[in-house]
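Chemist: Take any residue in the sequence shown, count from 1 to its spot, add 101: that is its number in the numbering used here.
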Amino acid sequence: MASNFELSERSSPKQHRISPRAEEEVDYMQRAQWLRAALLGANDGLVTVASLMMGVGSIKEDVKAMLLVGFAGLVAGACSMAIGEFVSVCTQRDIETAQMKRDIETKTSLSAIDEQDEEEKKERLPNPGQAAMASALAFSVGAAMPLLAAVFIENHKVRMAVVAIVATLALLVFGVTGAVLGKTSVFKSSVRVVIGGWMAMALTFGLTKFIGSEAMQI
């Protein structure tokens, strides 16, 4: 008859194993976080460029002016998102790396299982370059939507209406997708995203028209 000590030794390695189901759940959570970040980046790009185009369109009927300011907003916003994400992820990576070093220093010796865990943690560290590229790409995809919607429309009023409609539909899709990923209310999430986008476009349109009016010109 085996002793309790022998039984505990035989069963102890099982305690360190991660079930395939748990690994799938962790992997799903990581993918969901990436998708949500991509949606937020695309939403930022869409609202930023659509608002810029609506603002310029309030005082300029020339399609070139709207497209130029939209393209400038796309480039500037994508660069800003990439730089900000790179710095943020670098800081996060440095903090996690320093914490891992402190954890290792507190241990007198590392077993094979501990060493394997440490290697897995290093592999899971965030990649600043990858995060920066993902943020810039997501912003650019969202920003390109109002640009593509307006590029072939000559009539000013129709162009403004199309930009607003395309932005609204895209915001609705982003809101629904974000709610599904976050397992929250689809209606509430969609309404928040759409109303927020409308407010940004309306404020940019109104303030730009007010500042660009003859009464405000110096």
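Each residue gets a CB set at the ideal place from its N, CA and C atoms; glycine is no exception. Bear in mind the structure is a predicted one, so any value in this text is a computation, not a measurement.
1) Near Ala271, what residues of its chain come up, given a Cβ to Cβ distance below 6 angstroms and the 5 sequence neighbours on each side ignored?
2) Does Glu255 come out as helix, strand or coil in the three-state DSSP assignment?
3) Phe311: buried (16+ other C-beta within 10 angstroms of its C-beta) or exposed?
4) Can Thr198 and Leu175 be called in contact, C-beta distance under 8 angstroms?
5) Answer yes or no: does any C-beta atom of chain C fall closer than 8 angstroms to that of Val252?
6) Decide if Ser314 is buried, meaning its Cβ has at least 16 other Cβ atoms within 10 Å, or exposed.
7) Would DSSP call Gly171 helix, strand or coil?
8) Ser236: beta carbon under 7 angstroms from a heavy atom of the ligand ATP?
9) Less than 8 angstroms separating the beta-carbons of Met182 and Ala265?
10) Are the region 287-305 and the region 177-193 touching, with three or more C-beta to C-beta distances below 8 angstroms?
Modeler: Working from what's here:
1) Walking along the sequence shown from the start, residue 271 turns up at place 170. So the list reads Leu147 and Met246, once near-sequence residues are dropped.
2) Mapped onto the sequence shown, residue 255 falls at position 154. Looking at Glu255 - three-state DSSP - the assignment turns out to be coil, as it is neither helix nor strand.
3) Locating residue 311 in the sequence shown gives position 210, where the first residue counts as 1. Under this definition Phe311 is an exposed residue.
4) On the sequence shown, position 97 is the one that residue 198 refers to. On the sequence shown, position 74 is the one that residue 175 refers to. Their beta carbons are not under 8 angstroms apart, which means Thr198 does not touch Leu175 by this criterion.
5) Considering every chain present, this structure includes no chain C. It has just one protein chain.
6) Taking the first residue of the sequence shown as 1, we reach residue 314 at position 213. That one is exposed.
7) Counting from one through the sequence shown, the residue named residue 171 turns up at place 70. Here Gly171 sits in helix by DSSP.
8) What this structure holds is no ligand at all, so the ligand ATP is not there to describe.
9) For this step, residue 182 is matched to residue 81 along the sequence shown. For this step, residue 265 is matched to residue 164 along the sequence shown. No; because the gap between Cβ atoms is not below 8 angstroms, this pair is not in contact.
10) no
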